[in-house]
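Worksheet: the structure to be examined is printed underneath.
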Amino acid sequence: MADTGAPLWGGRFDAALHPAIHEFTGSLHFDRRMVRHDLIACLAHARMLRERRILSENEASAILVGLSEILREIENGTLAVVGDEEDVHSWIERTLAERIGDDAKRLHTGRSRNDQAIIALRLYVRERLEDILSGVAGLQRVLLETAAEHRETFLPGYTHLQRGQPVSLAHHLLAHVAALSQDVERLQSAHAAAGTSPLGAGALAGSSFPLDPERSTALLGLDATFTNSMHAVADRDYVLDAAYACAVLMVHVSRWADEVVLWATKEFGFIRLDDSISQGSSLMPQKKNPEAAELLRGKSARTIGNVTGLLALLKGLPLTYNSDFQEDKEPLFDSLDTADWSAAAAIAIARGLHYRTDVMAAALEGGMLTATELADHLVRQGVPFRTAHEQSGLAVRAAEDEGVELWELSMDSLRAVCPSVAEGVLDELRPAQAVASHDSPGGPAPVRVAEQQAAAESHLTALESWLEGRSPAPIYAAHAEDGLLDDTIPAGEPG
Ligand code: ARG
279 MADTGAPLWG GRFDAALHPA IHEFTGSLHF DRRMVRHDLI ACLAHARMLR
329 ERRILSENEA SAILVGLSEI LREIENGTLA VVGDEEDVHS WIERTLAERI
379 GDDAKRLHTG RSRNDQAIIA LRLYVRERLE DILSGVAGLQ RVLLETAAEH
429 RETFLPGYTH LQRGQPVSLA HHLLAHVAAL SQDVERLQSA HAAAGTSPLG
479 AGALAGSSFP LDPERSTALL GLDATFTNSM HAVADRDYVL DAAYACAVLM
529 VHVSRWADEV VLWATKEFGF IRLDDSISQG SSLMPQKKNP EAAELLRGKS
579 ARTIGNVTGL LALLKGLPLT YNSDFQEDKE PLFDSLDTAD WSAAAAIAIA
629 RGLHYRTDVM AAALEGGMLT ATELADHLVR QGVPFRTAHE QSGLAVRAAE
679 DEGVELWELS MDSLRAVCPS VAEGVLDELR PAQAVASHDS PGGPAPVRVA
729 EQQAAAESHL TALESWLEGR SPAPIYAAHA EDGLLDDTIP AGEPG
């Protein structure tokens, strides 16, 4: 067993594996990123075996000491996961055998690589979702801070990419914050979905040893224990949930990024990109390209493809474990990486945007954006809405003919087409006033925006304390008591 690369299942085989098949079926090059998570789960399993007296004190201690040593070296970067093993699970067993000898062979009692691989992946997914959630929190924080400065900055709101009605920049930014809040819920629910432990399910049929799966669950700080051993090894819903949550997040980020690209054009001009977030052209010296924002938009595509690929992978698979499952990791890792890196880039981009409030103000002119206000004013004077809409349209035409804004029409010109208008109507047609009057719940009026800010702020604070409240799994404290592990070990990116 100590031979590098010797498989875990040699007994009934005469011939060595064909090199092409070994290479083809191996997953070490991508599943080694779960080494730390697998080691933690091994520790929980070994401790449970000791508590249940399935392993003796001595056997279990040797295993726990060996695993802790490997974990510590992985954490501090003195040990790298390299070798000819078929996967990270085999690598751990071989490395442990090199250090403690035959006792290493007892670790796999009451366990299969099927439940082992799943627990490692579940722990890994939870950690990465936490990283992504803290990225989303960071992005929301920047957008909220910017919104706070712009409750009285007005610009057109668009439908069909045509100027529609005036809104405040704060209201506009809070729309993105609201989308991200939905991502937070989705990511947290994917996090919860990954929190069921499969340990004790074995290959598919549990075990004849007196295992205590609830104990492994508790040691790992997970929320729930599997209820059906076959489902435990066949279930990949948590993979789908995580990939989907990442994809929707990326779709939201891409829509925001597209706005950055659009607003940075000369044609729009609502923002100026800081030099730190824009790139030049190799040929056209004048260019300043929003390449990072374009890439955010572009990178969303792969996360969508990953969800589709994962669904296709799982469709029609028979119970229980199938090697096809090995293919779930690369697309999932890609989605987690993409969401994580994108959130960090999005934060940098959001911080590097200079909003050009003068250009936004200018965009409110010439488009008759308050024609709806005029119609609503007429309705308040008793005119049926359909008639008011018609009369307001005539006023728009009059203003266009005279080359003035709606609020610059004379009362005489206005009365000629809208006979019911009351005094003071012209002020109501000014953009700032129009925004202030839209004080229906969730609307752009500063008083409503203040409410949205408060709600978004408390949602974000709840997320921030959820993230801070994530403590190391109880296994660390249990092992610290034995002097095996330091519970201050940082949870960094594994080797
Ligand atoms: N490399 C496998 C995976 O990624 C680990 C589980 C293997 N189990 C087995 N019976 N071959 O899913």
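Taken in order, the sequence shown gives residues 279 to 773; the numbers are from the numbering used here. By construction, the Cβ of each residue, glycine as well, lies at the ideal position given by its N, Cα and C atoms.
Is it buried or exposed for P697, if we count other Cβ within 10 angstroms and need 16 for buried? With fewer than 16 other Cβ atoms from the protein chains shown falling within 10 Å of its own Cβ, P697 counts as exposed.
The ligand ARG and D365: does the residue's C-beta get closer than 7 Å to at least one heavy atom of that ligand?
Look at D365: its beta carbon is less than 7 Å from one of the heavy atoms in the ligand ARG.
**Prompt:** Where does G761 land, buried or exposed, given buried means 16+ other C-beta within 10 angstroms?
**Reply:** With fewer than 16 other Cβ atoms within 10 Å, it is exposed.
| request: Classify G720 as buried or exposed, calling it buried when 16 or more other Cβ atoms lie within 10 Å of its own Cβ. | output: By the neighbour-count rule (16 or more Cβ atoms within 10 Å), G720 is not buried but exposed.
- Excluding the 5 residues preceding and the 5 following D281 in the sequence, name in chain order all residues of the same chain whose CB lies nearer than 7 Å to its CB. Annotation note: pLDDT 47 at D281 (below 50); position unreliable, no value reported.
Inter-residue Cα distance where the pair is S339 and L345
The straight-line gap separating the alpha-carbon atoms of S339 and L345 is approximately 10 Å.
Self-check item: Residues that A502 bridges to, as DSSP identifies them
Solution: Its beta-bridge partners are T474.
> Does DSSP put H428 in a helix, in a strand, or in coil?
Replying inline: Here H428 sits in coil by DSSP.
Inter-residue spacing [alpha-carbon to alpha-carbon] between E651 and D618:
Each residue's alpha carbon lies about 43 Å from the other.
From which residue to which residue does the beta strand (DSSP E) around I549 run?
Element bounds for I549: I549 to L551.
8 Å Cβ cutoff met for E668 and A677 | No. Outside cutoff.
**Report entry** Own chain partners of H296 with C-beta closer than 8 Å, once the 5 adjacent residues on each side are dropped
**Finding:** If you ignore the 5 residues before and after H296, its C-beta comes within less than 8 Å of no other C-beta in its own chain.
Practice item. With DSSP collapsed to three states, give me the class of Q564. Key: Judged by DSSP in its simplified three-state form, Q564 adopts coil rather than helix or strand.
query = Where are the beta strand (DSSP E) runs, 3 residues long or more, that stay fully inside the stretch 615-694, in chain order?
reply = Entirely contained in the stretch 615-694, the beta strand (DSSP E) runs reaching 3 residues are, in chain order, 631-633.
Assign H428 to one of two classes, buried (16 or more other C-beta atoms within 10 Å of its C-beta) or exposed (fewer than that).
-> Buried, since its Cβ has 16 or more Cβ neighbours within 10 Å.
Legend entry - Residue range of the beta strand (DSSP E) that includes P719: Segment: none, P719 is in no beta strand (DSSP E) and carries neither H nor E.
Practice task
Determine the DSSP secondary structure at S412, reduced to helix, strand or coil.
Solution key: Here DSSP, grouped into helix, strand and coil, assigns S412 to helix.
(Q) For L433, list the residues DSSP reports as bridge partners. (A) L433 pairs with V445.
Decide if S670 is buried, meaning its Cβ has at least 16 other Cβ atoms within 10 Å, or exposed. Answer is buried; the Cβ neighbour count reaches 16.
Original post:
How about P488 and G478: are their beta carbons less than 8 Å apart?
Top reply: Their beta carbons are not under 8 Å apart, which means P488 does not touch G478 by this criterion.
Exercise for review: Could you please give the first and the last residue of the uninterrupted alpha helix (DSSP H) stretch that includes F308?
Suggested key: It spans L306 to D309 - the alpha helix (DSSP H) in which F308 sits, taken as one unbroken run.
Hey, is L305 close to the ligand ARG, as in C-beta under 7 Å from one of its heavy atoms? Residue identity check: residue 305 is Ser in the sequence provided, not Leu. Answer for S305: yes, Cβ within range of the ligand ARG.
Same chain, Cβ closer than 6 Å to E774, five either side skipped, listed in chain order
Because residue 774 is not part of the residues shown, which for the chain are 279 to 773, the question remains open.
Give a single yes or no on whether R391 has its beta carbon closer than 7 Å to a heavy atom of the ligand ARG.
-> Checking the Cβ of R391 against the ligand ARG gives yes.
**Asked** Rounded to a whole number of angstroms, what is the C-alpha to C-alpha distance between S688 and T635?
**Response** Inter-residue distance for S688 and T635 is about 28 Å (C-alpha atoms, whole angstroms).
Practice task
Grab the span of the alpha helix (DSSP H) containing G594 for me, first residue to last.
Solution key: It is not in any alpha helix (DSSP H) - G594 carries neither H nor E in the DSSP assignment.
Nearest-angstrom Cα distance between A512 and G480? So the two alpha carbons sit approximately 12 Å from each other.
Within 8 Å, strictly: CB atoms of S613 and A521: Yes; because the gap between Cβ atoms is below 8 Å, this pair is in contact.
> Exposed or buried, what is P616 when buried is set at 16 or more other beta-carbons lying within 10 Å of its beta-carbon?
Replying inline: The sequence shown places Thr at residue 616, not Pro. Here T616 is buried, its C-beta having at least 16 other C-beta atoms within 10 Å.
Practice problem: Kindly list the residues whose CB is nearer than 7 Å to the CB of P722, restricted to its own chain and excluding five residues on each side of it in sequence; keep chain order. | Solution: Answer for P722: V445, S446, H449, V713 and H716, listed in chain order.
(message) Per DSSP, what are the beta-bridge partners of Q730 in this structure?
(response) Beta-bridge pairing links Q730 to no other residue.
Can you give the Cα-Cα distance for E608 and R330, rounded to whole angstroms? C-alpha separation (whole angstroms): 36 Å.
Exercise. How would you label R372, buried or exposed, when you count the other beta carbons within 10 angstroms and need 16 or more for buried?
Worked result: Buried, by the Cβ-count rule.
query: How many angstroms separate the CA atom of I370 from the CA atom of A510?
result: I370 and A510 have their alpha carbons spaced roughly 22 Å apart.
For Q460, which beta-bridge partners are listed by DSSP?
Within the DSSP bridge table, the entry for Q460 names no partner.
Worksheet item: Cβ atoms of A426 and L452: under 8 Å apart, would you say?
Response: For L452 and A426, no; Cβs fall outside 8 Å.
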